Each structure stands twice: as structure tokens, then as C-alpha cells.
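One structure below.
In the UniProt record's numbering, the protein residues as written are 1 to 536.
Here it is, written out as C-alpha cells:
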């Protein structure tokens with residue numbers, strides 16, 4: 001254990017070092033007009049903002065408990081190659097830790113702080129880092145008014161909510177921002193290394209392929225589909241990096257089957273009509289897609305209006321490299337928009353790249369001597385009506401921004417308590433044999449059960465699609481028991497699932513009513529959250 005812990009501390013430090021090496025986008029040191037004090041204030045304000053949203057001993061996403069537990073196990077045991085805590089799932093058969101580097105990055109936090117608090121602190125830092133990277137990406141590529149675009153991004157509630165979760169998503173966004181910068185700088189060795197580590201960091205590494213493809217397509221469009229201009233170095237770099245990340249991997253070759261299920265079966269095919277998948281996999285309504293990003297759409301309308309005006313007046317000078325960047329961003333954000341409409345989880349990627357696309361086009365379209373500050377001052381001084389308009393718009397934005405984030409914080413506070421199911425888990429740990437199976441009917445409860453008690457094995461968790469693909473008939477039986485459609489659930493639980501322990505939450509009222517009327521079920525434990533029964 002001693003050796004494993006030290007190995008992981010070393011690997012974690014290496015991982016952090018590599019990340020910060022990639023952070024060094026060229027010319028970032030030349031921070032025109034922004035002193036170190038201003039940077040410190042900006043960083044502190046961001047930390048305070050995200051800390052405010054996280055200021056409660058709860059997690060809105062159950063996966064937070066899973067990632068915390070995995071970090072703790074990795075800290076003690078090293079690489080996790082087997083996953084015995086779920087029995088009826090293809091996830092166990094082809095176990096792949098798709099968030100390996102994310103959980104590795106959590107280890108220093110869970111070492112210093114109490115585990116769940118540690119992950120909350122890490123989430124605050126990672127969310128802050130996303131906004132910081134977004135801002136400095138704009139600075140690096142000399143886009144004017146980066147703070148303006150950053151504030152628009154922070155005004156998208158769905159985006160803020162997603163990056164505030166204890167997930168690898170924020171780090172994934174950072175990787176894509178770095179990757180895009182490396183593509184434009186033609187730093188292929190660095191891009192290849194980044195692609196390799198991206199596979200170890202996040203299951204959505206396929207976005208790297210899409211990003212590279214968008215860069216290649218934009219290049220072809222600018223060069224009138226001259227196939228000889230295809231950037232084979234870019235294709236080879238990303239392909240080799242990602243392939244190496246898949247093969248030189250603790251989970252190889254299981255990860256190949258896992259990603260087939262995760263990307264194709266869950267992501268593309270998506271059994272949402274058959275299986276109750278996670279909320280994030282369901283489509284986002286068009287109305288929600290439009291209303292959650294109102295300022296972004298206003299920015300888009302304004303940007304294209306300015307661009308068309310510049311084209312019409314002949315003021316826009318053609319800059320191939322700049323226009324390739326703009327095309328890349330719009331193609332990529334367009335694809336992300338389609339993905340968001342299919343699965344709402346992709347809003348965290350769509351929002352920043354969509355704002356970047358508009359920022360680059362607007363910067364390209366406006367004259368270099370254009371100053372929004374001067375224009376606003378002129379507009380303000382012109383007459384009293386203009387002052388009212390400016391004041392109204394500013395106050396409206398502040399009221400909406402503050403109101404939306406208060407709503408978001410209230411929603412976060414109502415999440416899962418850190419002690420949720422802790423009492424029932426402790427009873428199971430003390431009163432059931434190690435590795436004995438616990439039957440439960442809600443797959444989303446598993447992360448909390450797993451965090452509080454890893455001595456037992458559970459029926460379902462992670463994503464029910466893995467259960468469905470493991471055994472469709474058994475999955476249907478599990479669903480019918482939970483839906484109170486089995487007349488003799490005790491026989492199904494004992495014979496089909498091989499256990500005599502049943503855990504039910506008090507919120508499962510109809511099923512509880514059926515179980516409590518059945519003399520075969522004997523109540524063994526009860527608290528304000530759950531009841532545990534033993535089948536005679």
C-alpha cells in the first residue's frame with residue numbers, strides 16, 4: 001500500500017505538471033492592460049462565485065460520490081483493474097475507468113481535506129479554471145474585449161450548472177481549448193501528447209477527432225477543396241495520440257468494448273425509449289436551448305449584422321488564417337449544437353465554443369479603431385433617453401444574472417446530502433457478509449451506497465443501459481419488481497438475483513406498501529431515508 005500511494009502521488013504531480021505545461025499558450029505572458037493584481041482579483045471573484053454556488057454539504061449529481069470513492073480507493077490501492085461492486089452489468093465485464101486522470105487529480109484534494117469537501121473544493125477550482133482558460137484563450141488570439149465575452153458565457157445558466165458539477169467535464173473543455181490553440185500553432189508533438197492523455201482523462205475523447213476534422217474542413221473550404229492541402233500531419237497526430245492512449249492504457253483491451261457501449265450504444269443509439277437513462281442523455285428542448293442562451297443569440301444576431309454590413313461596404317479585409325479560425329469555431333459549435341439537442345449534457349461544450357465563434361467573427365468584422373467604451377460614452381452623453389436605455393439594459397442584466405444564480409444555488413442546496421443513505425449503508429456493512437448482494441430498485445442510488453459502503457455488491461448503477469445489455473430479461477424483471485408488477489417479488493429476488501436483502505427508500509411508497517404487506521419480508525433496519533428487509 002505504501003508503494004502504491006507514493007506511486008500515485010508522483011503520477012498525480014506529473015499529471016498536474018503536464019497540464020500546466022500545456023496551459024502556457026504563447027504570448028500569454030504579454031497581458032496588455034491587465035496587471036497581476038487585476039488577474040488576482042479576477043481569479044478571486046471567480047472562485048467566490050463558484051464557491052457561492054457550492055456553499056452547501058450536498059451534491060446535485062450522484063456521480064460526485066462515485067468519483068470521490070474512486071479517488072479514495074486509487075489512493076490506497078493504485079490502479080483499479082476490476083470492479084466487483086456491481087453484479088448485473090456489462091460495465092463490470094469490460095471495466096474501464098474512463099475518468100482515470102480526473103480521479104487521479106482528486107487524490108491530492110482527498111488527501112488534504114475530508115473526501116466530499118475535497119471534491120467540492122476541486123470542483124470550484126476546475127470550474128474557475130474553465131473560465132480562466134476561456135478568457136486567456138481570447139487574450140492569446142488577440143480578440144478584443146475578452147471580459148465582455150466571458151460575462152456572456154457566465155450568463156448561460158445551463159453551462160454554469162454543468163461546469164459546477166463534480167465531473168471531468170471542466171477539464172475536458174480546457175483540453176479542447178488547448179488542443180485548438182495547438183492546432184492553430186501547428187504544434188503537433190504537443191497535440192499528440194495531449195490527445196494521448198485526453199483518452200485517460202475523459203470518455204468524450206472523440207471530441208478531439210471532431211475538432212481536428214473541423215479544422216481540416218475549414219482549411220479545405222478556404223482553399224476551395226484542394227485535396228492536396230489536406231493537413232495529414234494533423235490527422236496523423238490526433239490519430240496516433242488517441243490510439244496510443246487507448247492501447248497504452250490500464251484498461252486495454254476492455255476499454256475497446258466499453259467505449260463501443262458508452263459512445264455508440266449509450267451516446268448515439270441511446271436506449272432512452274427502453275431504459276431510464278441518466279437525465280443528461282435526454283434531448284434538450286428547442287425552447288430550452290434558445291432561452292438558456294439568450295445573450296448568446298443576441299450576440300450572434302449582432303455579430304452577423306456587423307459582418308454583413310462590413311462585407312456590403314467592402315470594409316472587411318480577407319485574412320485566410322483568421323477566417324479559417326472562424327470557420328473552425330462555427331463548424332465545431334454547429335456540430336455541438338446538434339449534439340446538445342440530442343443529449344443536453346453537451347451544452348457545456350457548445351456554450352463556450354459558440355461564444356468564441358461569435359467573438360472571433362465580431363473581432364474580424366469591426367474596424368481595428370472601434371472602441372465600444374467610446375461608443376457607449378457617446379451614446380450615454382447624447383440625451384437622457386439613451387442614459388435610461390443603457391441603465392435599463394445594465395440593471396436588467398444584473399437582476400437576471402443574480403436571480404438565475406440564486407435559483408441555481410437553491411437547486412444545488414436541494415441536492416443529495418453527504419450523509420444520504422449513510423445510516424442504511426453502515427447497517428449493511430456491519431450486518432451482512434462482505435461481497436454479499438444488496439437488491440435495490442433505483443440505479444441512481446448506487447453512487448451514495450457505494451461511497452458509504454464498498455463492502456457489498458449492488459444490483460444496478462452507473463447507467464442502466466449496461467444492465468440492459470448484460471441481460472435484457474433480468475433487467476425487465478428488475479424493472480417490474482420496482483414498478484410493483486410482480487405478485488411474488490420475494491421469489492424473483494431470491495431465485496433470479498440470488499439475494500435475500502432488499503433496500504428501499506421511503507420515497508418508494510407504493511413498492512414499500514406491497515413489501516410491508518408481504519409476511520416473507522422482515523424489517524431489519526429503518527431510518528428517515530430507507531428501510532432494509534430480509535426475505536425469510
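Glycine included, each C-beta is placed from N, C-alpha and C at the ideal position. Computed from a predicted model, the values in this text were never measured in an experiment.
task = Starting from residue 533, follow the beta strand (DSSP E) in both directions and report where the run begins and ends.
result = Counted as a single uninterrupted DSSP element, the beta strand (DSSP E) harbouring residue 533 occupies residues 530-535.
ask   = What is the residue span of the beta strand (DSSP E) that residue 347 lies within?
value = Counting along the chain, residue 347 falls outside any beta strand (DSSP E), though it belongs to the alpha helix (DSSP H) covering 347-365.
request  = Compare the Cα-Cα distances from residue 348 to each of 244, 186, 136 and 292 and report the closest residue.
outcome  = Closest by alpha carbon: 292.
message = What does the alpha-carbon distance come out to for the pair residue 412 and residue 262?
response = Near 27 Å, if we compare the C-alpha coordinates of residue 262 and residue 412.
request  = Would you grab the beta carbon distance between residue 175 and residue 201 for me? Rounded to a whole angstrom, and I think it's under 8 Å.
outcome  = Contact holds; Cβ gap of about 7 Å.
task = Work out the CA separation of residue 76 and residue 522 for me, nearest whole Å.
result = Spanning the two alpha carbons is a distance of roughly 37 Å.
ask   = Which residue from 456, 364, 426 and 239 puts its Cα closest to that of residue 436?
value = Minimum Cα distance to residue 436 is reached at 456.
query = residue 57: which of 114, 94 and 91 sits nearest, CA to CA?
reply = Distances from the alpha-carbon of residue 57 to those of 114, 94 and 91 put 114 closest.
request  = Could you tell me if residue 296 is buried or exposed, where buried requires 16 or more neighbouring beta carbons within 10 angstroms of its beta carbon?
outcome  = Burial of residue 296 is indicated by the presence of at least 16 other C-beta atoms within 10 angstroms of its C-beta.
task = Can you give me the Cβ contacts of residue 524 inside the same chain, cut-off strictly under 6 Å, excluding the 5 residues immediately before and after it?
result = Within the same chain, residue 524 has close Cβ partners 532 and 534.
key: Per-residue DSSP class, three states only, for residue 502   = In the three-state reduction of the DSSP assignment, residue 502 falls in the strand class.
inquiry  = So residue 359 and residue 138 are supposed to be a Cβ contact under 8 Å. How far apart are they, rounded?
reply    = Confirmed, about 6 Å.
ask   = Where does residue 185 land, buried or exposed, given buried means 16+ other C-beta within 10 angstroms?
value = By the 16-neighbour rule on beta-carbons within 10 angstroms, residue 185 is exposed.
query = Three-state secondary structure (DSSP) at residue 438?
reply = Looking at residue 438 - three-state DSSP - the assignment turns out to be strand.
message = Taking the alpha carbon of residue 42 as the reference point, which residue from 245, 147 and 210 has its own alpha carbon closest?
response = It is 147.
inquiry  = If you measure between the beta carbons of residue 431 and residue 53, is that distance less than 8 Å?
reply    = No, the pair does not count as a contact, with Cβ atoms beyond the cut-off.
ask   = Going along the chain, which residues of its own chain have a beta-carbon closer than 7 Å to the beta-carbon of residue 218, five neighbours each way excluded?
value = Closer than 7 Å at the Cβ level, and outside the excluded window around residue 218, lie 324, 327, 328 and 331.
query = Which ranges would you report for the alpha helix (DSSP H) in the region 230-258 if only whole runs of at least 4 residues count?
reply = Runs of the alpha helix (DSSP H) lying entirely within the region 230-258, each at least 4 residues long, are 232-247 in chain order.
key: Residue span of the alpha helix (DSSP H) that contains residue 320, given as start and end   = That run of the alpha helix (DSSP H) goes 320-342.
query = Of the choices 378, 447, 78 and 231, whose alpha-carbon is the least far from that of residue 419?
reply = Proximity to residue 419 across 378, 447, 78 and 231 peaks at 447, based on C-alpha coordinates.
message = In the DSSP assignment, the alpha helix (DSSP H) including residue 113 goes from what residue to what residue?
response = Residue 113: not part of any alpha helix (DSSP H); DSSP gives it neither H nor E.
task = May I ask you to report which of helix, strand or coil DSSP gives residue 387?
result = In the three-state DSSP reduction, residue 387 falls in the helix class (H, G or I).
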